[in-house]
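One structure is given below, encoded as structure tokens.
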Amino acid sequence: MTTSYQVQPDDLDFDTQIAKFHPRQREAIAALDGGGRYVLYGGAMGGGKSYLLRWYCIRFLIICWAVHKLRWVQVMLACEDYPSLKDRQLTKIEREFPPWLGRSYTDHKVYGRCFILNPKYGNGVICLRNLDDASKYASSEFALIAVDELTKNLLPVFNDLRTRIRWPGLKDNETKFLAGTNPGSVGHGWVKNLWINRSFPEEFYPPFSPPAPASK
2 MTTSYQVQPD
12 DLDFDTQIAK
22 FHPRQREAIA
32 ALDGGGRYVL
42 YGGAMGGGKS
52 YLLRWYCIRF
62 LIICWAVHKL
72 RWVQVMLACE
82 DYPSLKDRQL
92 TKIEREFPPW
102 LGRSYTDHKV
112 YGRCFILNPK
122 YGNGVICLRN
132 LDDASKYASS
142 EFALIAVDEL
152 TKNLLPVFND
162 LRTRIRWPGL
172 KDNETKFLAG
182 TNPGSVGHGW
192 VKNLWINRSF
202 PEEFYPPFSP
212 PAPASK
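In this text, residue positions in the sequence shown follow the working numbering: the first is 2, and each later residue adds one.
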């Protein structure tokens, strides 16, 4: 994906003038733009993790329309339970997202609790979900999954979610997983093992292709 686009009104730059990402948040975005598919944004309380997740969802959906001309792309923005989703994301979305971007729904007949971008930006959908039972999303597809406080979840939740990351019209490396987290909690061990120790399961590696024989 590309970052060379403009967003109305008045052709404001999304990253610096609308979302106003700070430098460390832009580092995470650069990792995603640079081809990273699974990005963890960690740190102590107050580092802007939840903010990055919701505004990156908007950014991602706008790019899906501006670059790929894909409408009604769905992404998931999730917390471990509904009270956390309400406190960290729902109340902030109502205050931060301007009306010209789109509209919030508490129970959309198709998407449930969600935020839908205006047609001008491709009608992308942020599906707002909780992860009390991640298996209930077994038949779902999302172009991006963003999880707030990843270490609040056990490894099977992550394994369920990553099988749902796909979308027609996007290549595998154009679909993304972004998470924010503090250290500690029930998932500290497996998150540290993957992103800090970089101990990946076999399926995280691309298939090995032996080099072609040299021509004579």
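Virtual Cβ for every residue (Gly too), placed ideally from N, Cα, C. Remember, predicted model here, so these are calculated numbers, not experimental data.
| said: Using 7 Å as the threshold, is the C-beta distance between L53 and Q26 below it? | reply: By 1-based counting over the sequence shown, the position of residue 53 is 52. By 1-based counting over the sequence shown, the position of residue 26 is 25. For L53 and Q26, yes; Cβs fall inside 7 Å.
Runs of beta strand (DSSP E) wholly within the segment 105-135 (minimum 3 residues, chain order): The qualifying runs are 113-118 and 126-131.
- Measure the C-alpha to C-alpha separation of T4 and I64 and round it to an integer number of angstroms. As a working mapping, residue 4 is identified with position 3 in the sequence shown. As a working mapping, residue 64 is identified with position 63 in the sequence shown. Only weak support is given to the placement of T4: the predicted model assigns it a pLDDT of 41, under 50, and the value that follows is read from those uncertain coordinates. The alpha-carbon atoms of T4 and I64 are separated by roughly 8 Å.
Exercise. Closest by CA to F61, which one among R165, A20 and S141?
Worked result: Locating residue 61 in the sequence shown gives position 60, where the first residue counts as 1. Closest by C-alpha distance to F61, out of R165, A20 and S141, is A20.
- Task: Apply the 10 Å Cβ neighbour rule to L91 and answer buried if 16 or more other Cβ atoms are within range, or exposed otherwise.
- Result: The residue given as residue 91 occupies position 90 in the sequence shown. In this structure L91 is buried. Its beta-carbon is surrounded by 16 or more other beta-carbon atoms within 10 angstroms.
From Y1 to V126, what does the alpha carbon distance come to, in whole angstroms? No answer is possible for residue 1: it lies beyond the span of the chain, which begins at 2 and ends at 217.
Between the segment 148-164 and the segment 186-200, do three or more beta carbon pairs fall short of 8 Å? Flag = yes, the segment 148-164 and the segment 186-200 touch.
Suppose the cutoff is 6 Å on Cβ atoms and the five residues either side in sequence are ignored; what does the same chain contact list for E81 look like?
Taking the sequence shown and counting its residues from 1, the one referred to as residue 81 is at position 80. Closer than 6 Å at the Cβ level, and outside the excluded window around E81, lie L132, K153 and N154.
Note down the Cα distance separating L195 from L129, rounded to an integer number of angstroms. Your numbering for residue 195 matches position 194 in the sequence shown. Your numbering for residue 129 matches position 128 in the sequence shown. Cα to Cα, the separation comes out at about 25 Å.
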